[in-house]
Amino acid sequence: MKCLAIKIVSFKNIGEKTLEICSESREVSTILNIIKKQIDIEMVQEELMVVCDNKQLYLDEEVPEECKVLMLFPLALGGTI
Numbered sequence: 002m003k004c005l006a007i008k009i010v011s012f013k014n015i016g017e018k019t020l021e022i023c024s025e026s027r028e029v030s031t032i033l034n035i036i037k038k039q040i041d042i043e044m045v046q047e048e049l050m051v052v053c054d055n056k057q058l059y060l061d062e063e064v065p066e067e068c069k070v071l072m073l074f075p076l077a078l079g080g081t082i
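Heads up, the sequence shown is in this note's numbering, so the first residue is 2 and it goes up one at a time.
And the structure:
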């Protein structure tokens with residue numbers, strides 16, 4: 002099981018938050034589902050930008066092993082999901 006720091010940026014009613022999640026899967030969509038459950042937030046995966054090491058990741062991609070901090074940004078509503 003691998004752990005990963007998650008930095009959530011510019012979400013309405015959350016602002017900026019950092020948390021750690023651990024998962025067997027490194028798939029972006031799986032990690033987003035874990036985050037959603039952990040902080041009890043409504044989010045549409047297709048309306049998020051997921052970035053690690055200045056590279057955008059897509060829902061069906063695996064998070065690279067060298068990625069230590071995954072950043073989430075809302076794309077819709079001007080940064081206020």
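Virtual Cβ for every residue (Gly too), placed ideally from N, Cα, C.
If you drop the 5 nearest sequence neighbours on each side, which residues of the same chain put their C-beta closer than 8 Å to that of residue i?
i: Ile22; result: Cys4, Leu5, Ile7, Ile32, Ile35, Ile36, Gln39
i: Met2; result: Cys23, Ser24, Glu25
Near residue i, what residues of its chain come up, given a Cβ to Cβ distance below 6 Å and the 5 sequence neighbours on each side ignored?
i: Val70; result: Ala6, Lys8
i: Gln18; result: Here residue 18 is Lys; the residue named in the question, Gln, does not match the sequence. For Lys18, where only same-chain residues beyond five positions count, the Cβ hits under 6 Å are Ile9.
Rounded to whole angstroms, what is the Cα-Cα separation between residue i and residue j?
i: Pro75; j: Val64; result: 18 Å
i: Lys56; j: Met72; result: 10 Å
i: Ile42; j: Arg27; result: 21 Å
i: Tyr59; j: Val29; result: 7 Å
In terms of alpha-carbon separation, which member of the options lies closest to residue i?
i: Val52; options: Ile42, Glu43, Asp41, Glu67; result: Glu67
Helix or strand or just coil, what does DSSP make of residue i?
i: Ser30; result: helix
i: Ile82; result: Only weak support is given to the placement of Ile82: the predicted model assigns it a pLDDT of 44, under 50, and the value that follows is read from those uncertain coordinates. Correct three-state label for Ile82: coil.
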